[in-house]
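Asker: This structure is in structure tokens; I'll ask about it shortly.
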Amino acid sequence: MYKSFLLFASLVLLLGTGCREQYLPDIVAEAPNFLVIEGVLNAGQGGTAVRITRTTKVDRANAIVGEANALVTVEGKDNSTVSLSYQGNGVYVHPDLNMVIDNEYRLRVRTSDGKEYLSEYEIAKVTPAIDSISWQRTVDRGINFYVNSHDDAGKTRYYRWEYDETWEIRSTFFSKYVYENASVRTRVLPAEDVSVCWKNTSSTRIMLSSTARLESDQVSMYPLTGFPMGDDRLSFRYSILVRQYALTKEAYEFYDLLRKNTESIGTIFDAQPSEVRGNITCINDPEEPVLGFVTASSVQEKRIFVSSGDVPDWRYFQDCESKLVTLDSVSYYFGIGGYKPFDANINPLTNRVESYMGSYDYCVDCRDRKGTTTRPSFW
359 MYKSFLLFAS
369 LVLLLGTGCR
379 EQYLPDIVAE
389 APNFLVIEGV
399 LNAGQGGTAV
409 RITRTTKVDR
419 ANAIVGEANA
429 LVTVEGKDNS
439 TVSLSYQGNG
449 VYVHPDLNMV
459 IDNEYRLRVR
469 TSDGKEYLSE
479 YEIAKVTPAI
489 DSISWQRTVD
499 RGINFYVNSH
509 DDAGKTRYYR
519 WEYDETWEIR
529 STFFSKYVYE
539 NASVRTRVLP
549 AEDVSVCWKN
559 TSSTRIMLSS
569 TARLESDQVS
579 MYPLTGFPMG
589 DDRLSFRYSI
599 LVRQYALTKE
609 AYEFYDLLRK
619 NTESIGTIFD
629 AQPSEVRGNI
639 TCINDPEEPV
649 LGFVTASSVQ
659 EKRIFVSSGD
669 VPDWRYFQDC
679 ESKLVTLDSV
689 SYYFGIGGYK
699 PFDANINPLT
709 NRVESYMGSY
719 DYCVDCRDRK
729 GTTTRPSFW
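This note's numbering applies: residue 359 is where the sequence shown begins, and numbers increase by one.
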């Protein structure tokens, strides 16, 4: 969600940028230090994490500044109070808030400079279970993923989703050797195996659906994500974990406006940015802009796995070729040439290495494709 706030700020700035000269409005030049508070107070089993950060200049959009040393508490209308602990990077957590469904809760934040911020009371809602996550091939033979859910009681009506993707990648060549300290040595296997890795990414766009105008409180085939034919996410095995949240009407309207501001602006004919007001106010200065929205609900999760064998004719291809590297060329190819060794040609009579087989680094070491060799616990 934080990326959505950053994108919204960037879009507003673009509207003030001319064709020939860059124009930075005063609000940007001054780099306002507005507070950003975002999180879901988990009304079910499991932990709660609230992220508190500060806005930065657009040219520092990736430099997220976490708010440290704040006092963060969850207050209920039943006079209950629970304090959150600081985890670092602006994140405050609690293992189990033990909230009561249909009770009302709010978040209170006191920053280190003495300012106090308070969210409006939110009803702790029950989030219905995710019925299923399904997938279909597209016309161009890619793949799309969908979520399905419903509430027989008809009390949800407003839904929001997030997801995490994890997939397995493998090197084209199994590496028995490694080049380090200007020489080639045998890998210690399996500890130094770099043939299998996992990659991860999370959703960034705002995904919402409302059934308020429908007779049935049912969401069918809501599109989550997808990727084209040959994407490495289905080179071997892929998993998507979907989280579902029930929203109040007010929270839905906030996220929907934020979505329109961050995703629907492309030309002068599109909807223009609107002021996004959350449910958080600075008690010391009610006119101070505060970004974000705090909701309260249980969280439902569902994970599925899809293997390359489940999707016929995926046609994943990695452009890799092997190269024979003589001993006098080792320092060039493996040192500065972008190659890595994976095998050796050994003279059977002398048992000495006469040459090595190498390939592009990303064909030998899966970490060079931004993967990690740490196997996920759920894999």
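Ideal Cβ positions, reconstructed from N, Cα and C, are used throughout, including at glycine.
Computed from a predicted model, the values in this text were never measured in an experiment.
1) Determine the DSSP secondary structure at residue 724, reduced to helix, strand or coil.
2) Taking the alpha carbon of residue 496 as the reference point, which residue from 677, 563, 588 and 392 has its own alpha carbon closest?
3) Leaving out the 5 sequence neighbours to the left and right, which residues in its chain are closer than 7 Å to residue 460 when beta-carbon positions are compared?
4) Please report the Cβ distance between residue 637 and residue 657, rounded to the nearest whole angstrom; I am assuming they are in contact, meaning their Cβ atoms lie under 8 Å.
5) Using only alpha-carbon positions, find the residue among 596, 659 and 544 that is nearest to residue 704.
6) Going by beta-carbon coordinates alone, are residue 506 and residue 457 separated by less than 8 Å?
7) Give the list of continuous beta strand (DSSP E) stretches no shorter than 3 residues that lie fully inside the stretch 557-624.
8) Among 592, 655, 522 and 642, whose alpha-carbon lies nearest the alpha-carbon of residue 403?
9) Please go through the stretch 470-494 and give each complete beta strand (DSSP E) segment of 3 or more residues, from N-terminal end onward.
10) What are the partner residues of residue 663, as DSSP defines its beta bridges?
11) Return the chain-ordered list of same chain residues with a C-beta closer than 7 Å to the C-beta of residue 489, the five sequence neighbours on each side being excluded.
12) Does the beta-carbon of residue 733 have 16 or more other beta-carbons within 10 angstroms, so that it is buried, or is it exposed?
13) Could you say which of 445, 680, 671 and 722 lies nearest to residue 586 if we only look at CA atoms?
14) Where does residue 532 sit, in a helix, a strand or coil, going by DSSP?
15) Is residue 458 helix, strand or coil by DSSP?
16) Mind checking which residues open and close the beta strand (DSSP E) that includes residue 445?
17) Could you compute how far the alpha carbon of residue 674 sits from the alpha carbon of residue 412?
18) Beta carbon of residue 719, beta carbon of residue 693: below 8 Å?
19) Just verifying my parser: in three-state terms, what is the DSSP assignment at residue 648?
20) Would you kindly work out how many angstroms separate the C-alpha atoms of residue 577 and residue 571, rounded to a whole number?
21) With burial defined as no fewer than 16 other Cβ atoms inside 10 Å of the residue's Cβ, what is the status of residue 391: buried or exposed?
22) Indicate the three-state DSSP secondary structure (helix, strand or coil) for residue 397 in the structure shown.
Answerer: Answer, in terms of the structure:
1) helix
2) 588
3) 481 and 482
4) Actually they do not touch by this definition, with Cβ atoms about 19 Å apart.
5) 544
6) no
7) 565-568, 576-585 and 595-604
8) 655
9) 474-477
10) 597
11) 506, 507 and 508
12) exposed
13) 671
14) coil
15) coil
16) 443-446
17) 42 Å
18) no
19) strand
20) 12 Å
21) exposed
22) strand
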